[in-house]
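This report concerns only the one structure given below.
Numbering (the UniProt record's numbering), first residue to last: 1 to 85.
Structure below.
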């Protein structure tokens, strides 16, 4: 083991949120906050997937909107309390 978690050399740099965007979002910039939320939207959607039932009792998987909104609110709260020093 070389101490890296997987193959870090193939990890694209554009997959990270740029530091100036994080800093602007932590200061309350709505456009920067939107960029951060958009960056994590896929992860938030995957965390909020639940087994749902339709009116006939059939099972399907879908995004629970309540959980998705709670996760987005928690992320925004964490960004606003982030202190970069």
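We put the CB at the ideal spot given by N, CA and C, even for glycine. Everything numeric in this text was worked out from a predicted model, so none of it was measured.
Of all C-beta pairs linking the segment 16-33 to the segment 52-66, fewer than three are shorter than 8 Å, placing the two stretches out of contact. The DSSP-derived three-state label of residue 42 is helix.
In the three-state scheme derived from DSSP, where H, G and I count as helix and E and B as strand, residue 52 is classed as strand.
In this structure residue 76 touches residue 33 by the C-beta definition: roughly 6 Å separates them, less than 8 Å. In terms of Cβ geometry, residue 80 and residue 28 form a close pair [threshold 8 Å]. Between residue 50 and residue 62, the CB-CB gap stays under 8 Å.
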